[in-house]
Amino acid sequence: MATLLFSTNNDLVREWQQNFAPRSFVCAEMQALKDELEKNQNSIVIADYDTMFLEINEMLSAGFEISKLVVLEKVPSIVTGKKLISLKIKAYGNSRMQRLHFLQLMESVENGDTWTYPELTAALLKVDRRKKLSDDAIELMQSRLTPKE
């Protein structure tokens, strides 16, 4: 199974390759990712949300499905995690997580399971009838857009 790293952050990509995915292929643009996925549809895609969030959001909202999509972010948030998990990604967490956690994440995704960090898991399991996902979506958009946008 191939591992594809989807990021334009060269330092982060090097770190991921050295620590977690030495035999991975790097995709820095959407077309390169699509081309690699055509070659190996069962690939695990590890995407850097900090540099590729526009592409990831566009891909997910357009219905382009990646069966084993992992989204990592420098400062993961509950709101972002809830939204991405609702869009059927397989894992969401910190882009600089410890090796042990990364290996657990990869094993879960390879087995077809979903992986999240403990605080997000607790938030996903908490039932709050007063709030709806649409409130989370609004907060997510407001946190990603500038006041002018």
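First residue of the sequence shown? That's 83 in our numbering, and the numbers climb one at a time after it.
Don't be surprised by glycine CBs; every beta carbon is placed ideally from N, CA and C.
Note that the coordinates shown come from a computational prediction; the quantities given were computed from them, not determined experimentally.
- For L222, the closest C-alpha among the options K164, R105 and V191 is that of K164.
- Taking all protein chains shown into account, E192 has fewer than 16 neighbouring C-beta atoms within 10 Å of its C-beta and is therefore exposed.
- Contact between the region 127-135 and the region 150-168 is present: three or more C-beta pairs spanning the two stretches fall below 8 Å.
- Cβ-Cβ distances below 8 Å link T203 to nothing in the same chain once the five nearest sequence neighbours on each side are left out.
- When DSSP assignments are scanned along the region 130-207, the uninterrupted stretches of alpha helix (DSSP H) that are 4 or more residues long and fall wholly within it turn out to be 131-143, 160-168, 181-192 and 200-207.
- The way I'd put it, the region 139-154 does touch the region 167-177; three or more beta-carbon pairs between them come closer than 8 Å.
- Here L142 is not near L185, since their CB atoms are 8 Å or more apart.
- Here the C-alpha atom of L94 lies approximately 11 Å from the C-alpha atom of V108.
- The beta carbons of A110 and I160 sit about 29 Å from each other, so the pair does not count as a contact at 8 Å.
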